[in-house]
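**Q** Mind the numbering: the sequence shown is residues 7 to 84 in the working numbering, read in order. Just so you know, even glycine gets a beta-carbon here, dropped at the ideal spot from N, CA and C. Have a look at this one.
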Amino acid sequence: MFLASIVIQGLIIVGLVILFLLVTILNRKTKTPDNVELPEQCRTCASSTCMISLKKVEEMKKEILEQIRQECEIEDKK
7 MFLASIVIQG LIIVGLVILF LLVTILNRKT KTPDNVELPE QCRTCASSTC
57 MISLKKVEEM KKEILEQIRQ ECEIEDKK
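Below, the structure is given as structure tokens:
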């Protein structure tokens, strides 16, 4: 019984590794749509802390802060 349990766990791990490799290979073979161009830095990046996306977040923060300031000024005038 103990040996069968180890074999099953080993097969599950090997299966997951094979699945991961298969998905990774298929992902690399997938082509981007014709009218979409990725920046050179983004071709293999899967990071959520990428500097390019962080710049977008900073721009969004500035826009939100500006909107809040404008709303506060409108309420102060009332």
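Taking K35 as part of the alpha helix (DSSP H), name the residues at either end of that continuous run.
**A** 8 to 35
**Q** Three-state secondary structure (DSSP) at C51?
**A** coil
**Q** Return helix, strand or coil for E43, following the three-state DSSP convention.
**A** coil
**Q** In whole angstroms, give me the CA-to-CA distance for V20 and I31.
**A** 17 Å
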